[in-house]
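Comments concern the structure below.
Number of protein chains: 2
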Amino acid sequence: MLSRASDGPPGIAPGDMSLSFLKGLTVLKCFDAETPQMSIPEIARKSGLDRAVVRRLVLTLVHLGYVRAEGSRYALTPRILVLAGGFLQGRRMGLAVQPVLDAFAVQIGRPLVLAMRDGTDAVLVAQAQSLAVPPRLGFTLGSRLPLAESALGRALLAGETPEAARALCAALGTGDEGLRAVDAARASGIATATGLVEAGVFGAAATVAGASGDLAAVGFSVHASEGAPPDPAGLLTAARALAALL
Amino acid sequence: MLSRASDGPPGIAPGDMSLSFLKGLTVLKCFDAETPQMSIPEIARKSGLDRAVVRRLVLTLVHLGYVRAEGSRYALTPRILVLAGGFLQGRRMGLAVQPVLDAFAVQIGRPLVLAMRDGTDAVLVAQAQSLAVPPRLGFTLGSRLPLAESALGRALLAGETPEAARALCAALGTGDEGLRAVDAARASGIATATGLVEAGVFGAAATVAGASGDLAAVGFSVHASEGAPPDPAGLLTAARALAALL
DNA sequence: AGTCTGATGTTCGATTATCGCGCAGATGCG
DNA sequence: CGCATCTGCGCGATAATCGAACATCAGACT
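As they're listed, the protein sequences go chains P and L. 1295 is the number of the first residue of the first sequence in this note's numbering; add one for each residue after it. 1295 is the number of the first residue of the second sequence in this note's numbering; add one for each residue after it.
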């Protein structure tokens, strides 16, 4: 995992990268939902790096304000969100995308989420509530969803070329069902998934082919206990409106 | 700005940090709302680093998937949000905080935001909509607000000890008005600010003294054109509910 | 079209920042 | 108390990094 070796063409020559920076980012991503707070040796075990190396990297993060010491353990600070804000504000998520997402959430009557592909995952990049419906799995910005088993992921795959979608499904080791679901989504415009990410949950999503080249998916999910889901056709309208903004 | 030198006690010895990692993070934070897309020389100018150094650091970010090339310019990818997700999920923002924030946004009738202090700024860490009210300034997670001129910032200062609040106001070079506003907020429980962050906007916030030590502020804002703001007392109830979760 | 200039991309020998072993101290357990 | 294990940290050796200099590119001008 910690490697300057290129895994695929066109790779980046090892001499064209910074090993220390790569290690530093490896340390940074050790802080996650399961382990928000860790000691130096815990980070060393999780990252596979030497304790002394981890110590210098963590102290660098402390110096810059991204991490703070809590006793002999370390945790991320809110400053890490500012890095995310660079992405969100750079793409005008707050100014342009969020109001449209909010309006469609009200119109459709369900909380909506917007996701983009990151490797073989769908990553949440915006969300809107329409009612005080509790998020089912506690998703936040940055939450990952599987590409082949979630409606959002399938909508993202549907937005790729058939070749790219097939390659991604192969990389995921997904069965024919996932690829068929993606093909169906491409044909109908609406991707669905039931009970794959969470038992009893139906999800629907539409592909957002951004005018400036960004690919995203907008969708909602409904638990069986909440009654029948709304007509997903509204997602197509939302997708068209969002496409102009991405 | 790019320095291993310690600015305040207790500092971290230069030998205890990684200069390459520090430079890398300096490059990462160059990507912001104003400059979401930059070339190597542009990043070099903005960061004060040599072009060759920037090139290696940027290619490291490309290799790890945090940045992608768009022609000869580079931009952040959604993967950067996953780092933010580590913070958000580690503090159960999605699972525990968001539903409470959503419920109070409905109850109070205004979109609500939750902020935490980051140095001399307030940083947005969560937000909830009640109606399809467009965010005024396009705020996203990670957006910064001034500590002394915003209701949220003043509520955060009110949650600090009087000594710490005074020191922060001194560091900000704020006038007596800011400090008086903080003192008033500490007394009443509600911080307010009118027309300082944006003309014609009234903001109100309450301090959230988290049970586990986290300090936050919850608040809303209303533009004069939207009519009278709701009674801010609801923020006190929201603050108490959120305090149990932070 | 050709030339010039400034900007940008890239290389590689020199230098220094980084590595990680080994030691000292702390902690927990029998 | 003794022992085993874990953690923090120093410093000589070395590999990673630096950045000057060169190569290439892009745009302006004639």
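Here a beta-carbon is modelled for each residue, glycine too, at the ideal position from N, C-alpha and C. The structure displayed is predicted, hence computed values, not measured ones.
Between the segment 1319-1345 of chain L and chain P, which residues of the former have CB atoms less than 9 Å from a CB of the latter, in chain order?
Hits within the stretch, in order: Leu1319, Thr1320, Val1321, Leu1322, Lys1323, Cys1324, Phe1325, Asp1326, Ala1327, Glu1328, Thr1329, Pro1330, Gln1331.
Quick check on Pro1524/L: does DSSP put it in helix, strand or coil?
The count along the second sequence starts at 1 and reaches residue 1524/L at position 230. Of the three classes helix, strand and coil, the one that applies to Pro1524/L here is coil, per DSSP.
Looking only at C-alpha atoms, which of Gly1379/L, Thr1468/L, Leu1319/L sits nearest to Arg1448/L?
Taking the second sequence and counting its residues from 1, the one referred to as residue 1448/L is at position 154. Ranking the options by Cα distance to Arg1448/L, first place goes to Thr1468/L.
Taking the continuous beta strand (DSSP E) assigned at Arg1367/P, which residues delimit it?
Your numbering for residue 1367/P matches position 73 in the first sequence. Boundaries of the beta strand (DSSP E) around Arg1367/P: 1367-1370.
Go ahead and pull the three-state DSSP assignment for Arg1448/L.
The count along the second sequence starts at 1 and reaches residue 1448/L at position 154. The answer is helix: DSSP assigns Arg1448/L an H, G or I state.
What in chain P is Cβ-close to Arg1373/L, meaning under 8 Å?
Within the second sequence, residue 1373/L is the residue found at index 79, counting from 1. By Cβ distance, chain P contributes Asp1412, Gly1413, Val1417.
For chain P, find out if any of its Cβ atoms is closer than 8 Å to the Cβ of Ile1402/L; answer yes or no.
Mapped onto the second sequence, residue 1402/L falls at position 108. Not one chain P Cβ lies under 8 Å of Ile1402/L.
So is Ser1366/L in contact with chain P if we call contact Cβ pairs under 8 Å?
The count along the second sequence starts at 1 and reaches residue 1366/L at position 72. Closer than 8 Å: no.
Would you call the CB atoms of Gly1388/P and Thr1371/L closer than 8 Å?
On the first sequence, position 94 is the one that residue 1388/P refers to. On the second sequence, position 77 is the one that residue 1371/L refers to. In terms of Cβ geometry, Gly1388/P and Thr1371/L do not form a close pair [threshold 8 Å].
Compare the Cα-Cα distances from Gly1436/P to each of Phe1381/L, Val1512/L, Ile1306/L and report the closest residue.
Stepping through the first sequence from its first residue, residue 1436/P is reached at position 142. Of the listed residues, the one whose Cα sits closest to Gly1436/P is Phe1381/L.
Could you tell me which residues DSSP pairs with Ala1362/P in its beta bridges?
Position 68 of the first sequence, counted from the start, is the residue given in the question as residue 1362/P. Reading the sequence as shown, one finds Arg at residue 1362/P and not Ala. Ala1369/P.
Buried or exposed for Glu1443/P, please, with buried defined as at least 16 other CB atoms from any protein chain shown within 10 angstroms of its CB.
Along the first sequence, one-based indexing puts residue 1443/P at 149. Around the beta carbon of Glu1443/P, a 10 Å sphere encloses 16 or more other beta carbons of the protein chains shown; the residue is thus reported as buried.
Just confirm the distance between the C-beta atoms of Gly1494/P and Ala1518/P, as a whole number of angstroms; I'd bet it's less than 8 Å.
Working through the first sequence from its first residue, we reach residue 1494/P at position 200. Working through the first sequence from its first residue, we reach residue 1518/P at position 224. The pair is a contact, with the Cβ atoms about 4 Å apart (cut-off 8 Å).
Report all residues from its chain with a CB closer than 7 Å to the CB of Pro1303/L; omit the five preceding and five following residues, and keep chain order.
Locating residue 1303/L in the second sequence gives position 9, where the first residue counts as 1. Reliability fails at Pro1303/L, whose pLDDT of 39 lies under 50, so the model's placement of it is uncertain and the value that follows must be treated cautiously. Closer than 7 Å at Cβ, skipping near neighbours: no residue.
Leu1435/P (DSSP reduced to helix, strand or coil):
Sequence index remark: in the first sequence, residue 1435/P carries index 141 (1-based). Of the three classes helix, strand and coil, the one that applies to Leu1435/P here is coil, per DSSP.
Confirm, please, whether the CB-CB distance from Arg1404/P to Met1311/L is below 8 Å.
By one-based count along the second sequence, residue 1311/L stands at place 17. By one-based count along the first sequence, residue 1404/P stands at place 110. No; because the gap between Cβ atoms is not below 8 Å, this pair is not in contact.
Measuring straight from C-alpha to C-alpha, what distance separates Gln1421/P and Val1516/P?
Position 127 of the first sequence, counted from the first residue, corresponds to residue 1421/P. Position 222 of the first sequence, counted from the first residue, corresponds to residue 1516/P. Going from the Cα of Gln1421/P to the Cα of Val1516/P covers about 15 Å.
CB contact check: Phe1433/L to chain P, cutoff 8 Å:
Indexing the second sequence from 1 puts residue 1433/L at position 139. Yes, its Cβ sits closer than 8 Å to a Cβ of chain P.
So that I know if they touch, is there some Cβ in chain P lying closer than 8 Å to that of Phe1514/L?
Here residue 1514/L is taken as the residue at index 220 of the second sequence, counted from 1. Not one chain P Cβ lies under 8 Å of Phe1514/L.
Does the pairing of the segment 1359-1375 of chain L with the segment 1357-1371 of chain P give three or more beta-carbon distances under 8 Å?
These segments do not touch.
Look at the alpha carbon of Ala1397/L and the alpha carbon of Val1391/L, and state the distance between them as a whole number of angstroms.
By 1-based counting over the second sequence, the position of residue 1397/L is 103. By 1-based counting over the second sequence, the position of residue 1391/L is 97. Straight-line measurement puts the Cα of Val1391/L at about 10 Å from the Cα of Ala1397/L.
Please decide whether Leu1370/P counts as near chain L, where near means a Cβ-Cβ distance under 8 Å.
Within the first sequence, numbered from 1, the residue matching residue 1370/P stands at position 76. Using a CB distance cut-off of 8 Å, Leu1370/P counts as an interface residue toward chain L.
Whole-angstrom distance between Lys1323/P and Pro1440/P, CA atom to CA atom:
Along the first sequence, read from residue 1 onward, the residue named residue 1440/P stands at position 146. Along the first sequence, read from residue 1 onward, the residue named residue 1323/P stands at position 29. Between Pro1440/P and Lys1323/P, the C-alpha separation is close to 19 Å.
So what's Ala1338/P in DSSP terms, helix, strand or just coil?
Your numbering for residue 1338/P matches position 44 in the first sequence. Residue state, collapsed to three classes: helix.
I need the DSSP call for Val1545/P, collapsed to helix, strand or coil.
Examination of residue 1545/P is not possible in this model, given that chain P is present from 1295 through 1540 alone.
State the CB to CB distance for the pair Leu1451/L and Ala1498/L, rounded to an integer number of angstroms; the pair is presumed to be in contact (CB under 8 Å).
Position 157 of the second sequence, counted from the first residue, corresponds to residue 1451/L. Position 204 of the second sequence, counted from the first residue, corresponds to residue 1498/L. So it is not a contact: roughly 15 Å between Cβ atoms.
Determine, using beta carbons only, whether Val1417/L and Arg1438/L come nearer to each other than 8 Å.
Residue 1417/L sits at position 123 when you count from the first residue of the second sequence. Residue 1438/L sits at position 144 when you count from the first residue of the second sequence. For Val1417/L and Arg1438/L, yes; Cβs fall inside 8 Å.
Just verifying my parser: in three-state terms, what is the DSSP assignment at Asp1301/P?
Locating residue 1301/P in the first sequence gives position 7, where the first residue counts as 1. Low per-residue confidence applies at Asp1301/P: pLDDT is 39, beneath 50, and the placement is therefore not dependable, though the value from the model is reported in the following sentence. Coil at Asp1301/P, not helix or strand.
Residues within the segment 1348-1361 of chain P neighbouring chain L, beta-carbon criterion of under 9 Å:
Under the 9 Å Cβ criterion, the segment 1348-1361 of chain P contributes Arg1349, Arg1350, Leu1351, Leu1353, Thr1354, Leu1355, Val1356, His1357, Leu1358, Gly1359, Tyr1360.
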